[in-house]
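J.: Here you go, one structure.
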Amino acid sequence: MLLICALFLILLFGVVYNKRARVPHGVTNLLEIFVLFIRDEISIACLGEKDGRKMTPLFCTFFFLILGLNLMGMIPIFSSATANFNTTGGLALVTLFFMVFGAIYKNGFKGFLHAMIPSGLPIPILFILVPLEFLGLFIKAFALTIRLFANMLAGHIVILSLLGLVILLGWATLLLMLPMTLFISLLEVFVAFLQAYVFTILSAMFISQIYHPAH
């Protein structure tokens, strides 16, 4: 599913998306709405103008990849890769990588430590607070993993449960279960967009907290 979605996105943005169009239209116009929203309302809003523009490709990749994987899970012949703990964990590790090594590259090792060690606190408090700050990096990555994994898995379980009731209670319940299943499926489309947005903006916020500890 990851390979199929990645190939689809490469074709979508490399072939279908027309970068040279002076007046975007069709699919290009639709994609630009999302790209500009991610750049202006997520990346720049969280990281500032300079870092935000640099990090926009990462957050666009997060959003479109997760959205594509979420929507593919609604196609009967496919499965949802984001309902797999390994997939969401891998995405969260990318965020963790930028939180640690990206911050070291930007602010230096001392700057990274300064973000972990608040100034002006008594030394005894630092012995408690500093390990918690370091542990917080991994907790944030783990929260990203669980949030996306649990939400996508839950939707599929609900749909399977409703369809399973048809087998348990008989075909007479089919007329009742089909509208409910359809409603849950439409809700899953909304959740697919929502979870892609939530993962992207939380990643931007977590990275911003390390990149700009003074704020």
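Last residue of the sequence shown? That's 237 in our numbering, and every number before it is there in order.
Cβ coordinates follow ideal geometry from the N, Cα and C atoms, glycine included.
Bear in mind the structure is a predicted one, so any value in this text is a computation, not a measurement.
1) If you reduce the DSSP assignment to three classes, tell me which class residue 79 lands in.
2) Return the chain-ordered list of same chain residues with a C-beta closer than 8 Å to the C-beta of residue 180, the five sequence neighbours on each side being excluded.
3) How long is the line joining the alpha carbons of residue 211 and residue 93, rounded to whole angstroms?
4) One question on the structure: do residue 81 and residue 226 come within less than 8 Å of each other, judged by their Cβ atoms?
5) Could you have a look at residue 120 and say whether DSSP puts it in helix, strand or coil?
6) Grab the span of the alpha helix (DSSP H) containing residue 137 for me, first residue to last.
7) Using the beta-carbon count (16 or more within 10 Å), is residue 72 buried or exposed?
8) How big is the Cα-Cα spacing for residue 204 and residue 214?
9) Which residue comes first and which comes last in the alpha helix (DSSP H) that contains residue 63?
10) Could you check which residue in 39, 231 and 146 has the C-alpha nearest to that of residue 133?
11) I need the straight-line Cα distance from residue 95 to residue 64, nearest angstrom please.
12) Return helix, strand or coil for residue 178, following the three-state DSSP convention.
13) In three-state terms, what does DSSP make of residue 42?
T.: Reading it off the structure:
1) helix
2) 206
3) 7 Å
4) yes
5) helix
6) 125-138
7) exposed
8) 15 Å
9) Run containing residue 63: none; DSSP gives neither H nor E here.
10) 231
11) 26 Å
12) helix
13) coil
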